[in-house]
Amino acid sequence: MVTRAVLVSVGVTATGTALSMVVSILCAYGLSRPGSFAHTPILFTLLITMFFSAGIIPAYLLVSGLGLINTYWALILPSCISVFNIIILRGFFMGIDRGILDSARIDGASEWRTLTQIVLPMSKAVTAVIALFYGVGYWNAFFNAILYINDSSMNPLQVVLRSYVLQGVSVPGQVDVGTGAAAGPALQMAVIVLAMIPILIVYPFVQKHFTKGVMIGAVKG
10 MVTRAVLVSV
20 GVTATGTALS
30 MVVSILCAYG
40 LSRPGSFAHT
50 PILFTLLITM
60 FFSAGIIPAY
70 LLVSGLGLIN
80 TYWALILPSC
90 ISVFNIIILR
100 GFFMGIDRGI
110 LDSARIDGAS
120 EWRTLTQIVL
130 PMSKAVTAVI
140 ALFYGVGYWN
150 AFFNAILYIN
160 DSSMNPLQVV
170 LRSYVLQGVS
180 VPGQVDVGTG
190 AAAGPALQMA
200 VIVLAMIPIL
210 IVYPFVQKHF
220 TKGVMIGAVK
230 G
């Protein structure tokens, strides 16, 4: 059960982070370009969602209406977009020297080429930080699984960990066959460590970008 939960969490985290980064980068780049279509209404609508939400029941009805109940997409799509992360990316993109982008347009570069070949290579720090934010969010998420997943075999690691540690569900192999003693706490701690390992592995590679990415994305000057 733990092995399958780890695979589910890895798959959801990898797919969700990739999808979230693509959508967030495209949205932030569009909102950072002056004169883009419906720039102000879209930005205003996104900002409203940071302060007001429909609530759990409307969210559940929406996911159910889309036919996503008991699917892995229910673990990804409801939390695919973070307006906070989009605002950070937008702030960084707006800070890029306009002369560089104007030069690219004079040379005939399309918006897509400008984004992929000029903007993104200059934005490695902030994109690494945002990817870490999304990755940690997907890896640690359990509430969506509790709401939308009915099949226990589809539960991510955090839900399995919650059932072991907080709800007292017996861990497979909890009783030592040789001594008959309960090995529950040791195995529970092992599952907790297992849940921490991926983030501990990834963080050192992103740490050098962390402070720079957050500060540049949030503060100009």
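Numbering (this note's numbering) for the sequence shown: 10 to 230.
Glycine is no exception: its CB is placed at the ideal position from the N, C-alpha and C atoms.
These figures come from a predicted structure and were not determined experimentally.
Continuous alpha helix (DSSP H) assignments of at least 4 residues falling wholly in the region 75-108: Complete alpha helix (DSSP H) runs here, min 4: 92-104.
Limits of the alpha helix (DSSP H) - the one that residue 50 falls within: 48-60
Would you kindly work out how many angstroms separate the C-alpha atoms of residue 158 and residue 119, rounded to a whole number? 43 Å
Residue 116 (DSSP reduced to helix, strand or coil): Looking at residue 116 - three-state DSSP - the assignment turns out to be coil, as it is neither helix nor strand.
Let me confirm a value: residue 153 is counted as buried when at least 16 other C-beta atoms fall within 10 Å, else exposed. Which label applies? Result: buried.
Does residue 151 come out as helix, strand or coil in the three-state DSSP assignment? coil
Where do the N-terminal and C-terminal ends of the alpha helix (DSSP H) with residue 129 fall, by residue? Taken as a continuous stretch (DSSP letters only), residue 129 belongs to no alpha helix (DSSP H), as it is neither H nor E.
Taking residue 98 as the reference, which of 139, 126, 112 has the closest Cα? 139
Spatially closest choice to residue 70 from 48, 87, 56, 44, by CA coordinates: The option with the nearest alpha carbon to residue 70 is 87.
Could you spell out the range, first to last residue, of the alpha helix (DSSP H) harbouring residue 45? Where residue 45 is concerned, there is no enclosing alpha helix (DSSP H), given that its DSSP letter is neither H nor E.
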